[in-house]
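So the protein sequences, as listed, match chains A and B. All residue numbers for the first sequence refer to the working numbering, where the first residue is 1 and numbers rise by one. All residue numbers for the second sequence refer to the working numbering, where the first residue is 433 and numbers rise by one.
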Amino acid sequence: MHHTLKHRSPAVLAATSALGLLLSGCGGTDASSGGAKEYSLTINDDNHIVQQELKTLSTGACKAQNTALPLKIQTLPISNVDQKVQLLAGQNALPVQFAAGGTPALTKTLDRAGQVLDLEKTLKDLGVWDDIEPAAVTTVRNLYGKFNVMPYQFNIEGIWYNKKLLADHHIAVPTTYDELVAAAAKLKSAGVTPFSAAGKEGWPITRLISGYLYRELGPDALQAVADGKAKLTDPAYVKAAQAVADLGKAGYFGKGVGSIDYDTGVQQFLTGKAAMFYMGSWELGDFNDKAKNKVGASGIGFMPFPTVSGGKGSADQIPANVGLPVAVSAKAYDSKVGDWLSCTAKNYGAGSLKDQGTVSGFKPNGDTGTLPPLTRQVQDTISKTTTSILWFEALFNTKATETSQTNAAPLVTGSLSAKDFMKKVQADLDNG
Amino acid sequence: MRSVLGDRRALLILLGPALLVYTLVMLVPMGWSLGYTFFKGNVIEGFTFDGFGNFEKLWHDQQAHSALWFTFKYGVVVSVGQVLCGYLLALLYVFVLRKSSALIRTLVFFPVILPTVAVALMFQKLFAVAPQNGLANTAVEALGIHHGDWFASGGGSFLVLVVMDVWRSMGFYGVLIYAGLLDIPEETIESARMDGATGWRLIRHVVLPLSWPVVLASAVFSINGTLKVFDSVLALTNGGPGSDTTPLTLYMFRTAFSYGDYGYGSTIASLLTVVCLGVSLIIFRFSRRDPTKG
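Okay, structure coming up:
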């Protein structure tokens, strides 16, 4: 026995040490706890504005900060954001800045786990808190409970319309939902696609449901669902989904709406193939881009989602958001990151207006150039807005959000009834 | 040889490294995953013990039921399609094209080596109705069938998915079964012919029984592959419209990685394992039967 043991032990030792090596390899190193080597940003690939503006800053106003900590951008499809952020957070390997996930719920979870930097405290410490627009602060707090994302974008949403197409068919800008439907019917019969909508992404369609809900039931409609005081399966809520399903049934979204992706949706509107387009003001960048916008910036108008007759909501309650915002990793924060943040807070607002023609949640300090008329109109609308409202899935969990967005196309193509749509989403809310 | 295998040290050195790697990359993660089934929570906030909660949830989860049903439906239809088309191709190679089949074999095999995502993108465009009408769609319309948007209904999406996956893999099964058919002695077929067996009777009573083992092997291959389908569904329909073409694998992936519920995701994975195991057992049992006595 002694003999066997003596000879076996080197092999056992080798195996054990190999195991140890492998395990330590798996464990990884906690490189992200401070001392970041790059000003890394992981962001959804369809968000060009933030990427471009940060790149502009890195060679302009924030050049010194960029030399100390170079900006490095990694993009990924929007549908993979949640997954990637969760995996990286689980390994304590979040980049310095990251798209905060498709749902505020995920950001709140990350925050509870101590992964998200408290930006109110940080920006106050850095002395740049006053560079944030108060309206953006309110909107972020409404969504996330506290101010913990960078408001690189501050958007309002509504229906953009092709002025020429409406005028050609003698249609006045609709102010009520019934007028909107009548306008769509008129356009359809004249061979014009009334609405361009990205059914593949789904959210441009579910936004119409929330638009209708807020006009019919008032600005608390979806908060009531979040608080459990109402259910999406209640008749008043199903009615909103039915209204949107009816638009699809009548063919107002054009052919194959489920296969239309975001870029195609934008393109349909900007090439004059569709008359109306529900979208956020982040699209101003494309609207002001002569190469992309064949209709011309002056050919596009903006109307708030129309009122529903007898409804409790009003048209000056505008959906506002900070886009898919960017959070900062609490574990990767150090003084170099702080330098970048304060430089960004001071310079981003003006740069965003001047270079991208879009409104951000930072105050525009300094030269903003001559603003395009559409951008001015959006700024005006923002300043006149008394109550801001959220989008359909803003208060949902990740699963309910995905269910809602993937079932939007079936809802408008008629393969899923309004009642079943709401039932599916409510089921995920109940189980989440 | 006997002296080498009789030596424990030699055994340990020969088997040890492989066993170690296998344990680390297969058994440990499997055990780990099984362990997750009793927990809820996520990687960000940590896990809490939940007993059989996840299994109870699985029992009542409508979405899991429809994913399971879709997995079966897809597995059976695509496996039958793959093996049947493969068999017909093999018959074509052996009995019609004979020695000149090399070129056709290569061409039909070609889609097997293409990346699934590329094939899926191609099929998306072929069957699209917007922004442009796809080629396949135009062809179908020329035949007088106006289906509309294939990807707007569960049935349409399923059909495109089946056509794509059968097209993609039938070349592989064609070659596999072709190799089996080549093993049938020429004399056997010759004597059957002399006895008056031709066409269908020759295939039914002589060729099929003699190639049965390779057909079964293909079926096992095929059903195990199709039950675990993931990439082609993800790339072609992304499980949609709604969740109409979501198999268990995709549902498991979403649950674990998108919804951050590792425990429930692992529970769905264990259901998939049980299903694959069960189906394989059934096929092996079936394989003992002699097809000529049916």
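Using N, Cα and C, we set each Cβ at its ideal position, and we do this for glycine too. Keep in mind that this is a model prediction, so the values were computed, not measured.
Can you give me the Cβ contacts of residue i inside the same chain, cut-off strictly under 7 angstroms, excluding the 5 residues immediately before and after it?
{"i": "H579/B", "result": "V572 and G588"}
{"i": "S24/A", "result": "Summary for S24/A: the model assigns pLDDT 41, below 50, so the residue's position carries little reliability, and this model does not support an answer."}
{"i": "K294/A", "result": "L270, T271 and G272"}
{"i": "Q514/B", "result": "V598, S601, M602, Y605 and S654"}
Check whether chain A comes within 9 angstroms of residue i, counting only Cβ atoms and requiring the distance to be less than that.
{"i": "T660/B", "result": "Checking the displayed sequence, the identity of residue 660/B turns out to be Lys instead of Thr. Not one chain A Cβ lies under 9 angstroms of K660/B."}
{"i": "P388/B", "result": "Only positions 433 to 726 of chain B appear in the structure, and residue 388/B is not among them; the question remains open."}
{"i": "K472/B", "result": "no"}
{"i": "S585/B", "result": "yes"}
{"i": "S465/B", "result": "no"}
{"i": "G692/B", "result": "yes"}
{"i": "D676/B", "result": "yes"}
{"i": "N486/B", "result": "no"}
Out of curiosity, what's the CA-to-CA distance linking residue i and residue j?
{"i": "T175/A", "j": "K124/A", "result": "43 angstroms"}
{"i": "L217/A", "j": "A226/A", "result": "15 angstroms"}
{"i": "P509/A", "j": "L143/A", "result": "As shown, chain A starts at 1 and ends at 432. That puts residue 509/A outside it, with no answer to give."}
{"i": "H637/B", "j": "G628/B", "result": "12 angstroms"}
{"i": "D289/A", "j": "Q268/A", "result": "15 angstroms"}
{"i": "A496/B", "j": "L593/B", "result": "20 angstroms"}
{"i": "G674/B", "j": "I577/B", "result": "25 angstroms"}
{"i": "T109/A", "j": "S79/A", "result": "18 angstroms"}
{"i": "E488/B", "j": "T469/B", "result": "11 angstroms"}
{"i": "L466/A", "j": "P645/B", "result": "The shown model of chain A, from 1 to 432, leaves out residue 466/A, and the question about it has no answer."}
{"i": "R537/B", "j": "V595/B", "result": "19 angstroms"}
{"i": "Y683/B", "j": "G357/A", "result": "41 angstroms"}
{"i": "S32/A", "j": "A275/A", "result": "Below a pLDDT of 50, predicted positions are generally treated as unreliable, and S32/A, at 43, falls in that range; the measurement from the model is reported next regardless. Each residue's Cα considered, the two are about 49 angstroms apart."}
{"i": "I156/A", "j": "D430/A", "result": "30 angstroms"}
{"i": "T381/A", "j": "A190/A", "result": "32 angstroms"}
{"i": "L87/A", "j": "F689/B", "result": "8 angstroms"}
{"i": "A184/A", "j": "K164/A", "result": "15 angstroms"}
{"i": "Y525/B", "j": "S533/B", "result": "5 angstroms"}
{"i": "L22/A", "j": "K37/A", "result": "With a pLDDT of 43 at L22/A, under the threshold of 50, the modelled position of that residue is not reliable, and the figure given next carries that caveat. Distance between the alpha carbons of L22/A and K37/A is about 26 angstroms."}
{"i": "A408/A", "j": "I205/A", "result": "6 angstroms"}
{"i": "L713/B", "j": "G603/B", "result": "26 angstroms"}
{"i": "L341/A", "j": "V181/A", "result": "46 angstroms"}
{"i": "N474/B", "j": "D693/B", "result": "6 angstroms"}
{"i": "D30/A", "j": "V359/A", "result": "Summary for D30/A: the model assigns pLDDT 41, below 50, so the residue's position carries little reliability; its value from the coordinates is reported in the next sentence. Computed Cα separation, rounded: 37 angstroms."}
{"i": "K55/A", "j": "C343/A", "result": "13 angstroms"}
On a CA-only basis, which of the options is nearest residue i? Give me that one, please.
{"i": "D130/A", "options": "G361/A, S383/A and T59/A", "result": "G361/A"}
{"i": "V598/B", "options": "C517/B, L648/B, G631/B and I616/B", "result": "C517/B"}
{"i": "N148/A", "options": "A427/A, V328/A, L395/A and T381/A", "result": "V328/A"}
{"i": "V50/A", "options": "M150/A, K331/A and R141/A", "result": "M150/A"}
{"i": "K346/A", "options": "Y333/A, K255/A, K363/A and S335/A", "result": "K363/A"}
{"i": "K557/B", "options": "T398/A, D261/A, G323/A and V322/A", "result": "D261/A"}
{"i": "P372/A", "options": "T122/A, G296/A and Q153/A", "result": "G296/A"}
{"i": "L395/A", "options": "L222/A, D286/A and G114/A", "result": "L222/A"}
{"i": "D663/B", "options": "F559/B, L446/B and R600/B", "result": "R600/B"}
{"i": "F555/B", "options": "V607/B, L575/B and F583/B", "result": "F583/B"}
{"i": "S335/A", "options": "K423/A, A68/A and N44/A", "result": "A68/A"}
{"i": "T503/B", "options": "V707/B, F541/B and V544/B", "result": "V707/B"}
{"i": "L704/B", "options": "F685/B, R717/B and L546/B", "result": "F685/B"}
Quick one: is residue i near chain B, going by C-beta distance under 9 angstroms?
{"i": "A427/A", "result": "yes"}
{"i": "V328/A", "result": "no"}
{"i": "P104/A", "result": "no"}
{"i": "R112/A", "result": "yes"}
{"i": "T176/A", "result": "no"}
{"i": "T406/A", "result": "yes"}
{"i": "G446/A", "result": "Chain A is shown only over 1 to 432; residue 446/A falls outside these bounds and no answer can be derived."}
{"i": "T413/A", "result": "yes"}
{"i": "V257/A", "result": "yes"}
{"i": "L416/A", "result": "yes"}
Report all residues from its chain with a CB closer than 6 angstroms to the CB of residue i; omit the five preceding and five following residues, and keep chain order.
{"i": "I616/B", "result": "L642"}
{"i": "L411/A", "result": "A245 and F421"}
{"i": "S40/A", "result": "K72, P95 and V96"}
{"i": "T669/B", "result": "S589 and T677"}
{"i": "T387/A", "result": "P219 and Q317"}
{"i": "L117/A", "result": "V328, A330 and Y333"}
{"i": "A167/A", "result": "none"}
{"i": "K486/B", "result": "Looking at the sequence shown, residue 486/B is not Lys but Asn. Once the five neighbours on either side are set aside, the close Cβ partners of N486/B are T469, G695, Y696 and T699."}
Within its chain, find whatever has a CB closer than 8 angstroms to the CB of residue i; leave out the 5 residues flanking it on each side and keep chain order.
{"i": "Q74/A", "result": "S40, L41, T42, I43 and P95"}
Only counting runs of 3 or more residues, tell me where the beta strand (DSSP E) segments fall wholly within the region 91-142 of chain A, in order along the chain. 97-99
Every unbroken alpha helix (DSSP H) inside the region 216-267 of chain A [4 residues or more]: 221-226 and 235-249
Whole runs of the alpha helix (DSSP H) within the region 354-384 of chain A, excluding any shorter than 4 residues: 373-384
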